[in-house]
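Undergrad: Chains as they are written, first to last, in my numbering: chain A, 84 to 358; chain B, 84 to 358.
For each residue, glycine too, the CB sits at the ideal point set by N, CA and C.
My questions will all concern the structure given below.
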């Protein structure tokens with residue numbers, strides 16, 4: 084089965100970006116996720132471990148199995164958990180579409196920034212749902228690049244962001260998936276699905292977010308697709324670079340930047356049939 | 084001094100829409116606004132009283148002066164407060180740009196859904212700031228139509244929304260003002276400005292919001308500019324109506340709708356000079 088392409092690439096700078104992202108957003112995204120003592124949790128698509136350390140620290144008595152399709156990413160993730168002296172995570176190389184686990188193996192499943200990269204997100208959720216015990220929870224976190232707006236507004240910046248959306252689309256991926264979590268999780272058969280938006284609002288009264296999110300997370304991510312967008316003929320260097328300049332402009336004293344992540348939690352059916 | 088045009092018009096259906104809006108969003112927008120006993124509060128631009136009843140109920144021992152430029156709107160607002168048996172609100176017809184109050188007359192100022200309709204929002208805030216006692220607070224709430232996105236995504240729906248933005252712009256107004264609250268309030272001289280987004284996230288697990296917000300507030304508002312947009316030659320009937328249909332489509336079982344209001348609170352300078 085063909086492995087999905089990962090549009091952000093696997094370079095060190097990208098790894099640093101993902102770590103920066105997790106450091107800045109950790110409370111916004113994860114403060115309400117904590118698993119009980121003894122529970123078995125599958126983290127599907129752990130990448131370089133950007134979320135793994137937070138997850139495992141917040142649920143010290145749960146046991147995590149974190150999988151990824153990339154051996155290099157798993158190596159980074161393992162080093163990150165070792166540096167944090169975590170002993171409740173085991174790593175395993177595996178493809179979400181060919182997982183080596185028996186049905187109902189896990190109490191909980193956690194999936195963060197993964198579905199956007201898959202051309203068949205519902206199929207992935209169906210597969211992961213099978214691995215859950217009845218009544219277990221599935222937590223899914225995704226961004227949505229179409230949730231981005233800013234001041235000063237800029238057509239060039241919006242087009243540069245659209246380049247990222249288009250590069251993802253050409254790779255069979257979906258950079259606008261955050262807003263779709265509810266219907267996707269319902270379609271996959273999850274029950275009691277609850278989705279909550281996690282909006283990142285940045286103005287100059289929040290200098291950590293100006294630097295950590297507007298510049299080093301979001302704008303850096305858009306900059307990261309420059310070569311792919313040029314190669315695909317979606318844009319030209321002048322237009323793209325003007326958009327990046329305007330994104331940096333939103334990080335100045337009178338600038339404002341808005342982006343929204345979505346977090347969905349659903350339950351595996353308990354399979355209770357009416358009498 | 085020329086009175087600003089009010090783009091939404093003054094018809095009864097519009098009044099109902101504003102009342103629906105306040106009823107649906109009241110907690111999201113107002114739950115953290117409460118004024119101490121005895122404080123004097125100016126509500127600038129109360130319109131038909133959509134926020135006035137909530138404000139006065141939540142601060143029963145504060146005294147409100149609610150002003151608006153429209154006598155008809157004030158009549159509606161008076162009837163709304165009388166129906167709610169409120170005795171702590173007095174109404175007065177006045178233009179924000181020519182207010183009959185002495186400097187430092189009020190402990191607090193409240194402005195909701197008003198700045199978007201003014202071509203000189205900073206000037207309005209400067210004038211209102213003068214009426215505040217040192218250390219008093221200014222609360223400003225605005226929407227931002229550029230914060231709107233939905234599933235299924237639709238270019239026609241985005242264009243219909245853009246018609247509303249454009250009709251406002253032609254009237255010298257700004258439908259994208261929510262994101263600008265922080266720099267506007269800082270520019271007007273307010274101190275300790277804090278802006279927080281109030282996102283309305285709607286999926287079919289929230290049927291009250293599907294009906295009360297997606298359909299009856301937002302889509303109804305866009306529908307309300309149909310004639311103005313056609314007269315201004317911004318769109319044609321087929322394109323506009325297709326956009327409205329697609330907005331209604333987002334209210335179906337697998338649809339999602341997102342919109343964000345912004346609430347800013349700042350302080351009147353205490354004027355303390357360094358020794």
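Using the beta-carbon count (16 or more within 10 Å), is residue 291/B buried or exposed?
TA: Around the beta carbon of residue 291/B, fewer than 16 other beta carbons lie within 10 angstroms, which makes this residue exposed.
Undergrad: Any beta carbon from chain B within less than 8 Å of residue 232/A's own beta carbon?
TA: True, the Cβ-Cβ gap to chain B drops below 8 Å.
Undergrad: Identify the residues that DSSP records as bridge partners of residue 125/A: which are they?
TA: 148/A, 192/A
Undergrad: Enumerate in chain order the residues of its own chain whose CB-to-CB distance from residue 307/A is below 6 Å, with the five nearest sequence positions on each side excluded.
TA: Nothing listed; no residue qualifies.
Undergrad: In chain order, what residues of the same chain have a beta carbon less than 6 Å from the beta carbon of residue 329/B, not counting five sequence neighbours either side?
TA: 237, 239, 240
Undergrad: Could you tell me the distance, in whole angstroms, from the CA atom of residue 285/B to the CA atom of residue 227/A?
TA: 15 Å
Undergrad: Could you check whether the Cβ of residue 284/A sits closer than 8 Å to any Cβ belonging to chain B?
TA: yes
Undergrad: Could you tell me which chain A residues have their CB closer than 7 Å to the CB of residue 253/B, listed as they occur along the chain?
TA: Residues of chain A passing the Cβ test: none, with the nearest at roughly 17 Å.
Undergrad: Applying the criterion that 16 or more other CB atoms from any shown protein chain within 10 Å of the CB defines a buried residue, is residue 126/B buried or exposed?
TA: buried
Undergrad: Cβ of residue 262/B less than 8 Å from any chain A Cβ?
TA: yes
Undergrad: For residue 318/A, return the contacting residues in chain B, with the cut-off set at a CB-CB distance below 9 Å.
TA: Those within 9 Å of residue 318/A in chain B number zero; the least Cβ separation is about 20 Å.
Undergrad: Pick out the complete alpha helix (DSSP H) segments inside the segment 198 to 274 of chain B, 4 residues or longer, and give them in chain order.
TA: 204 to 214, 238 to 253, 264 to 270
Undergrad: Counting only beta-carbon atoms, is residue 256/A nearer than 8 Å to chain B?
TA: no
Undergrad: Which same chain residues, not among the five before or five after residue 113/B, have their C-beta less than 8 Å away from its C-beta?
TA: 134, 137, 138, 141
Undergrad: Does residue 290/B come within less than 8 Å of chain A when only Cβ atoms are used?
TA: no
Undergrad: For chain A, find out if any of its Cβ atoms is closer than 8 Å to the Cβ of residue 229/B; answer yes or no.
TA: yes
Undergrad: Anything in the segment 321 to 333 of chain B with a Cβ closer than 9 Å to a Cβ of chain A? List those residues in chain order, please.
TA: Cβ contacts with chain A come from no residue of the segment 321 to 333 of chain B.
Undergrad: Count the other CB atoms, across all protein chains shown, that sit within 10 Å of the CB of residue 84/A; report buried if there are 16 or more and exposed otherwise.
TA: Residue placement at residue 84/A is poorly supported in this model, since its pLDDT is 33, which falls under 50; the coordinates are not used for a value here.
Undergrad: Which partner residues of residue 282/A appear in the DSSP bridge assignment?
TA: 343/A
Undergrad: Opposite residue 61/B in the DSSP bridges: which residues?
TA: Since the first residue of chain B shown is 84 and the last is 358, residue 61/B is not available in this structure.
Undergrad: Is residue 339/B close to chain A? Criterion is C-beta to C-beta, closer than 8 Å.
TA: yes
Undergrad: On a Cα-Cα basis, can you pick out the residue from 276/A, 219/A, 283/A, 289/A that is closest to residue 301/A?
TA: With distances taken between Cα atoms, residue 301/A lies closest to 283/A.
Undergrad: In chain B, which residues lie less than 9 Å from residue 236/A when you measure between Cβ atoms?
TA: Ordered by position in chain B, the residues that pass the 9 Å Cβ test against residue 236/A are 229, 259, 262.
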